[in-house]
Amino acid sequence: MLSLKHLSKTYADGTRALSDITLTVHEGEIVALIGGSGCGKTTLLRLIAGLDRESAGRIRLDGEVLSGPHPAVGIVFQEPRLLPWLTVFENIAFGLDGVSAAEKNARVSHALEKIGLSEHANRWPRDLSGGQQQRVSIARAFVTNPKVLLLDEPFSALDAFTRASLHEHLLGLWEETRPTVVLVTHDVQEAVTLADRAVVMQPKPGRIFDELPLTLARPRDRTGLPFESSVRRILTALDHSLKAPQEQPQRERDRQAAALWW
Ligand SMILES: Nc1ncnc2c1ncn2[C@@H]1O[C@H](COP(=O)(O)OP(=O)(O)O)[C@@H](O)[C@H]1O
Ligand SMILES: [Mg+2]
17 MLSLKHLSKT
27 YADGTRALSD
37 ITLTVHEGEI
47 VALIGGSGCG
57 KTTLLRLIAG
67 LDRESAGRIR
77 LDGEVLSGPH
87 PAVGIVFQEP
97 RLLPWLTVFE
107 NIAFGLDGVS
117 AAEKNARVSH
127 ALEKIGLSEH
137 ANRWPRDLSG
147 GQQQRVSIAR
157 AFVTNPKVLL
167 LDEPFSALDA
177 FTRASLHEHL
187 LGLWEETRPT
197 VVLVTHDVQE
207 AVTLADRAVV
217 MQPKPGRIFD
227 ELPLTLARPR
237 DRTGLPFESS
247 VRRILTALDH
257 SLKAPQEQPQ
267 RERDRQAAAL
277 WW
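Heads up, the sequence shown is in my numbering, so the first residue is 17 and it goes up one at a time.
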């Protein structure tokens, strides 16, 4: 279980990126964080990943306080961040330290199969499409078998068809080991396709506005009414989050509300 308690982050320049975030993510749960730019979503993932330190509060994984990068926590960014001098196979194998060659071979081959890129094992990242590269970075994150996987808008640069196929690949990998997933997304449909819960955030300072359970059975039918009604519930929460009082003067708020929305 991943537990965030009263987490705050104020940057050196005084920006209050996060204020009093309390959130529990259960083992194997997929939580989608949704909100406009500047809500502190990336900051939150960076704190959980141990890439930055919180100003106040605590992060615990199964009771253990996280205070830096942890081998059980993996992260995937918006851009694939593959190492250009390594092949696809070597990129996926990169984080598998202390594993025998045979085991490494078996695990990477299996991951390649799950993402549908077995035939591309010996290619260079530059020879792959953007969607294929992102599949490789997702496989690289899964191959270490993390307890927690953090995804920061990993599909937002891709077209709708590629995105839908990556959702399937992600769920295929997730079903095998069921890591706890925190997914940041701008895309409400993506949240309803993937998540067990949507957490709507609000900026200045970044905080949680609302939480909505997503209990549709999997695999989820994106054309059905239950799906549509979940999308609507999240959109309504997002609308309310923009109208709710914020800690700044009204005129400044109106000016920013116009610019805020992706
Ligand atoms: N290194 C930093 N120094 C100062 N301010 C930052 C830094 N990183 C992010 N911020 C600010 O913190 C707020 C939250 O940013 P971020 O976590 O990137 O939000 P999101 O991912 O939701 O768009 C924004 O106002 C942003 O400008
Ligand atoms: Mg961000």
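Note that the Cβ used here is the ideal one computed from N, Cα and C, for glycine as well. Just so it is clear, the structure is predicted and the values come from calculations on it, not from any experiment.
As assigned by DSSP and simplified to three states, the class of residue i
| i | result |
| --- | --- |
| D168 | strand |
| E155 | Residue 155 is actually Ala in this sequence, not Glu. A155: helix per DSSP, three-state reduction. |
| Q266 | Note that Q266 scores 44 on pLDDT, short of 50, meaning its location in the model is unreliable; the coordinates nonetheless yield the value given after this. Of the three classes helix, strand and coil, the one that applies to Q266 here is helix, per DSSP. |
| R32 | strand |
| R249 | helix |
| R123 | helix |
| T103 | coil |
| L144 | coil |
| S53 | coil |
| T160 | coil |
| L241 | helix |
| L77 | strand |
beta-carbon residue i near ligand 1 non-hydrogen atom, thresh 8 angstroms
| i | result |
| --- | --- |
| G54 | yes |
| T201 | no |
| L60 | yes |
| G51 | yes |
| K120 | no |
| D36 | no |
| T3 | Given a span of 17 to 278 for the chain in the structure shown, any question on residue 3 remains unanswerable. |
| K220 | yes |
| A72 | no |
| A28 | yes |
Per-residue burial, residue i [other beta carbons within 10 Å of its own, 16 or more giving buried]
| i | result |
| --- | --- |
| P229 | exposed |
| P265 | For P265, the predicted model reports a pLDDT of 43, less than 50, meaning its position is unreliable and no value from the coordinates is stated. |
| K130 | buried |
| D168 | buried |
| N9 | This structure leaves residue 9 out entirely; the chain is present only between 17 and 278. |
| S257 | buried |
| K57 | buried |
| G84 | exposed |
| A33 | buried |
| L7 | No statement about residue 7 is possible, as the shown extent of the chain runs from 17 to 278 and does not include it. |
| L241 | exposed |
| P70 | Checking the sequence shown, residue 70 turns out to be Glu, not Pro. E70 should be labelled buried. |
| V208 | buried |
| R194 | exposed |
| F177 | exposed |
| A214 | buried |
Any non-hydrogen atom of ligand 2 within 8 angstroms of residue i CB
| i | result |
| --- | --- |
| V47 | no |
| D168 | yes |
| K57 | yes |
| V215 | no |
Span of the beta strand (DSSP E) around residue i
| i | result |
| --- | --- |
| K25 | L18 to T26 |
| L82 | Here L82 belongs to no beta strand (DSSP E), and DSSP marks it neither H nor E. |
| G90 | V89 to V92 |
| F225 | R223 to P229 |
| L133 | Per DSSP, L133 belongs to no beta strand (DSSP E) and is neither H nor E. |
| V198 | T196 to T201 |
| V115 | Element bounds for V115: n/a, residue is neither H nor E. |
Span of the alpha helix (DSSP H), counted from its first residue to its last, around residue i
| i | result |
| --- | --- |
| Q205 | V204 to L210 |
| A260 | Careful: A260 lies outside any alpha helix (DSSP H) and carries neither H nor E. |
| A180 | A176 to T193 |
For residue j and residue i, believed in contact at Cβ under 8 angstroms, the rounded distance
| i | j | result |
| --- | --- | --- |
| V198 | I64 | 7 angstroms |
| L49 | L60 | 7 angstroms |
| R123 | L112 | 7 angstroms |
| A137 | L128 | 6 angstroms |
| P162 | V89 | 6 angstroms |
| S24 | G73 | 6 angstroms |
| Q149 | P141 | 6 angstroms |
| V216 | G51 | 6 angstroms |
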